[in-house]
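A.B. asks: Pasting in a structure now, in structure tokens, and then I'll have a few things to ask.
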Amino acid sequence: MSDPTPIFAADGPLAVAIPGFRARPQQIEMAQKIAEAIKANRILVAEAGTGTGKTFAYLVPALLAGGKVIISTGTKTLQDQLFNRDLPTVRAALKVPVSIALLKGRANYVCHYHLERNARDGRFLTAQDAADLRAITRFAQVTQTGDKAECTDVREDSMAWIAATSTRDNCLGQDCPFKEECFVMQARRNAMEADVVVVNHHLFFADVMLRDEGMGELLPACNAVIFDEAHQLPETASLFFGDSVSTAQVLELARDTRSETVSAARDCVPMIDQTRNLEKAARDLRLVFGTESARLSAAQASERENFDAQVEALEKTLGEFHAVLDTQAERSEGLANCLRRTEEMAERLARWRNSAETDLIRWVEVFTQSLALNATPLHVSDVFKRQLDGHPRAWVFTSATLAVGKADFGHYCRELGLAWMDPPPMTAVWGSPFDYAEQALLYAPAGMPDPNAPDYTERVAKVALPLIRAARGRAFVLCTSLRAMRRIHELIVDGLQQSGDALPVLLQGEGSRTELLERFRRLGNAVLVASQSFWEGVDVPGDALSLVVIDKLPFAPPDDPVLAARVEHMQKQGLSPFIHHQLPRTVINMKQGAGRLIRTERDRGVLCICDPRMIEKSYGKVVWRSLPPMRRTRAEDDAVAFLQTLPPPRRGD
């Protein structure tokens, strides 16, 4: 493949086709490195700071490579942006005859079979659900893709989508009477034929691991895989290399079986009774934990009264359910599919109960409405490395946050098994082109107590308030726990009322993430208090965001069952879990949170990190050195003065 440099020239195709396009040296170097990796079928791990323009840096060599390329993103938002905006823009600029396709998990596509069956049954919890399902039915008649992201009349979290989509479990596959017009199959056919396919990490791992149609077929044919937002891969891989049985899956199986029975075996009353029994067993298991949400090791869960007894009762009820379903399964494809799901669920449950595998972490996660029995691998490196072996192809891992310190990729490469590849991965770091020394100030307030002090949350709010007033809103306050988030929100609201500052204060959970961000941008002078789900993948360029306050260094809670098991395993190997696992993860998370502040060359603002450990502890220096090269201060007056120099916010609604 030819050198991509001329594409980025001042008079090159991108500059001609895209108003305001201006190449950056880092972008050109990154494109050259990716072209080299694709040509030589090498692994490249590359950190590209905010503003590098990494999307164009990988799209140009990907489109010029001439082979099949899979691009995987961390979020569906970026996936849609790539497919709908960035890819068509670069393709048009380069004038290359490259076909592109978008492929999502099946739950993102309307399912004709489930939509028709549930619309006919007409069982809805609310009038809104019924109205939403009618809207989805109208959408299904006119859409070309069936992608629910295009159905803007229905909220993404509407319960009607459960009735209008399929899952891996309840899809009938080749037995479906609607298989010819199936949107999922159509999307997969398009992906098989396309030169560039855009997927997301969840789909990539779900399909590769389970050898479902889709990625399992796409991978052998492709010449390069590019992971954007690659810092999320170790966590996503852990989800899919493990095993899980949840009470939500059990309830869905009971509901689907009852619906199929009414449709194809109405005379089998015992089957209806068994679906009720199965639902009760699932709910009884969840009720062991009352109203709390929790993450517990299997051993900790066993200490709860009735936990083991209810898991055993669920397994027994599932066996009785299977016995009756087995007598009816031949009466329809739907019932046969429910039987298969029952058998697979029984196997997973038995494995979880009797697991003798020492490299699996068995743990329980309790949600508001459901409970999951999880088995997560101690490490994903061996399994992931196997995906890289075999067919020669290029693998590119890129993100704004992968390295620890200035250019140490050791932690990341060990987590994914890349460290043991031959030849070893190519690595590179391109810093942000932004002038951080001029655009931003890092404020580490003096005199903060230890983060475990009882009044620490109050002190964070006290630090944040004068900064929020000086910035006239326009602030993210990012917290490491939901409890701290709620308390800090309460204190900021009170503080602003007392000082007479009429600024809108938003709280995570008051709406969907998309809705909250839209309100924040629209208001122009808002404060958003949020937890870790807003630390990454959130882009608010311009004047609407001029202050980011972070309460603590985001160390994972030490009592987390997965972390605790990995810590114990590393200690047995003679490694320091803190140095080799916890600190690198924290640095990468911290860089993500800090990255919310400066998004363009014109942005200016203050990053306030309240945690005194960043200054006082030796490991805090690792965090300190990993952050962008902003001017730094310990004095509140400096931070307030900087914020007061900013132009006033746009008038809020």
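In our numbering, the protein residues as written are 4 to 656. All C-beta atoms, glycine included, are put in the ideal place defined by N, C-alpha and C.
Within 10 angstroms of its Cβ, does residue 557 collect 16 or more other Cβ (buried), or is it exposed?
C.D. replies: One-based indexing of the sequence shown puts residue 557 at position 554. With 16 or more Cβ atoms within 10 Å of its Cβ, residue 557 is classed as buried.
A.B. asks: Considering just the uninterrupted stretch of the alpha helix (DSSP H) at residue 498, what are its terminal residues?
C.D. replies: Here residue 498 is taken as the residue at index 495 of the sequence shown, counted from 1. From DSSP, the alpha helix (DSSP H) with residue 498 extends over 485-502.
A.B. asks: Go through the stretch 265-317 residue by residue and report every complete run of the beta strand (DSSP E) that reaches 3 residues or more, in order.
C.D. replies: Listed in chain order, they are 297-300.
A.B. asks: Any chance you could list the beta strand (DSSP E) runs of at least 3 consecutive residues sitting entirely within the stretch 57-134, in chain order?
C.D. replies: Listed in chain order, the complete beta strand (DSSP E) runs (minimum 3 residues) inside the stretch 57-134 are 72-76 and 103-105.
A.B. asks: Please confirm if the stretch 298-308 is in contact with the stretch 134-148, defined as three or more CB-CB distances below 8 Å between the two stretches.
C.D. replies: With the cut-off at 8 Å, the stretch 298-308 and the stretch 134-148 do not touch.
A.B. asks: Taking the beta strand (DSSP E) that residue 635 belongs to, which residues open and close that run?
C.D. replies: For the purposes of this step, residue 635 is taken as the residue at position 632 of the sequence shown. That run of the beta strand (DSSP E) goes 634-636.
A.B. asks: Looking only at its own chain, which residues have a Cβ that is under 8 Å from the Cβ of residue 157, when we skip the five neighbours before and after it?
C.D. replies: In the sequence shown, residue 157 corresponds to position 154, counting from 1. Counting only Cβ-Cβ distances below 8 Å, and skipping sequence neighbours, we find 135, 138, 139, 142, 151, 163 and 164.
A.B. asks: Please state whether DSSP places residue 203 in a helix, a strand or coil.
C.D. replies: Translated into positions along the sequence shown, residue 203 becomes position 200. Note: residue 203 maps to strand in three-state DSSP.
A.B. asks: Start and end of the alpha helix (DSSP H) containing residue 629?
C.D. replies: The residue given as residue 629 occupies position 626 in the sequence shown. Taken as a continuous stretch (DSSP letters only), the alpha helix (DSSP H) holding residue 629 covers 623-629.
A.B. asks: Which of the three DSSP states is assigned to residue 534 in this structure?
C.D. replies: Against the sequence shown, residue 534 aligns to sequence position 531. In this structure, residue 534 counts as coil in the three-state DSSP scheme.
A.B. asks: Helix, strand or coil, according to DSSP, for residue 553 in the structure here?
C.D. replies: Locating residue 553 in the sequence shown gives position 550, where the first residue counts as 1. It is a strand residue.
A.B. asks: Work out the CA separation of residue 251 and residue 371 for me, nearest whole Å.
C.D. replies: Looking up residue 371 in the sequence shown gives position 368. Looking up residue 251 in the sequence shown gives position 248. Between residue 371 and residue 251, the C-alpha separation is close to 11 Å.
A.B. asks: For residue 578, does the count of other Cβ atoms within 10 angstroms reach 16, so buried, or fall short, so exposed?
C.D. replies: In the sequence shown, the residue the question calls residue 578 occupies position 575. Result: exposed.
A.B. asks: Shortest alpha-carbon distance to residue 21 belongs to which of 89, 604, 67 and 83?
C.D. replies: Here the question's residue 21 lines up with position 18 in the sequence shown. For residue 21, the nearest C-alpha among the options comes from 89.
A.B. asks: Report back the beta-carbon spacing between residue 400 and residue 233 to the nearest angstrom; my notes put them in contact at under 8 Å.
C.D. replies: Position 397 of the sequence shown holds residue 400. Position 230 of the sequence shown holds residue 233. Sure, about 4 Å apart at Cβ, within 8 Å.
A.B. asks: At the level of alpha carbons, what is the spacing between residue 23 and residue 17?
C.D. replies: For this step, residue 23 is matched to residue 20 along the sequence shown. For this step, residue 17 is matched to residue 14 along the sequence shown. Looking at the two C-alpha atoms, the distance is approximately 10 Å.
A.B. asks: Return the CA-CA distance between residue 413 and residue 592, expressed in angstroms with no decimal places.
C.D. replies: Working through the sequence shown from its first residue, we reach residue 413 at position 410. Working through the sequence shown from its first residue, we reach residue 592 at position 589. Taking the straight line from one Cα to the other gives about 16 Å.
A.B. asks: How many angstroms separate the CA atom of residue 428 from the CA atom of residue 596?
C.D. replies: Mapped onto the sequence shown, residue 428 falls at position 425. Mapped onto the sequence shown, residue 596 falls at position 593. Rounded to whole angstroms, residue 428 to residue 596 spans 27 Å at the Cα level.
A.B. asks: If you draw a straight line from the alpha carbon of residue 653 to that of residue 545, how long is it in whole angstroms?
C.D. replies: For the purposes of this step, residue 653 is identified with residue 650 of the sequence shown, where counting begins at 1. For the purposes of this step, residue 545 is identified with residue 542 of the sequence shown, where counting begins at 1. Cα-Cα distance, rounded: 11 Å.
A.B. asks: Taking the C-alpha atoms as reference points, what is the distance between residue 649 and residue 609?
C.D. replies: In the sequence shown, residue 649 corresponds to position 646, counting from 1. In the sequence shown, residue 609 corresponds to position 606, counting from 1. One C-alpha to the other measures close to 11 Å.
A.B. asks: Distance check for residue 520 and residue 511, CA to CA, integer angstroms please.
C.D. replies: Translated into positions along the sequence shown, residue 511 becomes position 508. Translated into positions along the sequence shown, residue 520 becomes position 517. So the two alpha carbons sit approximately 10 Å from each other.
A.B. asks: Can we say the stretch 280-292 touches the stretch 349-360, given the rule of at least three CB pairs closer than 8 Å?
C.D. replies: Cβ pair count under 8 Å is below three, so no.
A.B. asks: Quick one: Cα of residue 216 to Cα of residue 160, how far?
C.D. replies: Sequence index remark: in the sequence shown, residue 216 carries index 213 (1-based). Sequence index remark: in the sequence shown, residue 160 carries index 157 (1-based). With a pLDDT of 44 at residue 216, under the threshold of 50, the modelled position of that residue is not reliable, and no figure is offered here.
A.B. asks: Could you check what DSSP says for residue 508 in three-state terms: helix, strand or coil?
C.D. replies: For the purposes of this step, residue 508 is taken as the residue at position 505 of the sequence shown. Note: residue 508 maps to strand in three-state DSSP.
A.B. asks: Of the residues 99, 455 and 154, which one's Cα is nearest the Cα of residue 616?
C.D. replies: Indexing the sequence shown from 1 puts residue 616 at position 613. Nearest option by C-alpha distance: 455.
A.B. asks: Mapping DSSP to helix, strand and coil, what is residue 378?
C.D. replies: In the sequence shown, residue 378 corresponds to position 375, counting from 1. Correct three-state label for residue 378: strand.
A.B. asks: Put residue 337 into one of helix, strand or coil per three-state DSSP.
C.D. replies: Taking the first residue of the sequence shown as 1, we reach residue 337 at position 334. Residue state, collapsed to three classes: helix.
A.B. asks: Could you tell me the boundaries of the beta strand (DSSP E) in which residue 430 lies?
C.D. replies: Taking the first residue of the sequence shown as position 1, residue 430 is located at position 427. 429-433 is the span of the beta strand (DSSP E), which, as asked, contains residue 430.
A.B. asks: In this structure, does DSSP put residue 168 in helix, strand or coil?
C.D. replies: As a position in the sequence shown, residue 168 is number 165, starting the count at 1. In the structure shown, residue 168 sits in a strand (DSSP, three-state: E or B).
A.B. asks: Alpha helix (DSSP H) containing residue 31: first to last residue?
C.D. replies: Your numbering for residue 31 matches position 28 in the sequence shown. Per DSSP, residue 31 belongs to the alpha helix (DSSP H) from 28-43.
A.B. asks: Determine the burial state of residue 486: buried for a count of at least 16 other Cβ atoms within 10 Å of its Cβ, exposed for fewer.
C.D. replies: Mapped onto the sequence shown, residue 486 falls at position 483. Under this definition residue 486 is an exposed residue.
A.B. asks: Whose C-alpha, out of 515, 565 and 560, is nearest the C-alpha of residue 541?
C.D. replies: For the purposes of this step, residue 541 is identified with residue 538 of the sequence shown, where counting begins at 1. The option with the nearest alpha carbon to residue 541 is 515.
A.B. asks: To the nearest angstrom, how far is it from the Cα of residue 402 to the Cα of residue 46?
C.D. replies: By one-based count along the sequence shown, residue 402 stands at place 399. By one-based count along the sequence shown, residue 46 stands at place 43. Computed Cα separation, rounded: 14 Å.
A.B. asks: Closer than 8 Å is the cut-off here; do at least three beta carbon pairs connect the stretch 40-59 with the stretch 422-437?
C.D. replies: Cβ pair count under 8 Å is three or more, so yes.
A.B. asks: Can you give me the Cβ contacts of residue 529 inside the same chain, cut-off strictly under 6 Å, excluding the 5 residues immediately before and after it?
C.D. replies: Position 526 of the sequence shown holds residue 529. Cβ within range, chain order: 476, 507, 509 and 523.
A.B. asks: Rounded to a whole number of angstroms, what is the C-alpha to C-alpha distance between residue 227 and residue 73?
C.D. replies: Mapped onto the sequence shown, residue 227 falls at position 224. Mapped onto the sequence shown, residue 73 falls at position 70. Between residue 227 and residue 73, the C-alpha separation is close to 6 Å.
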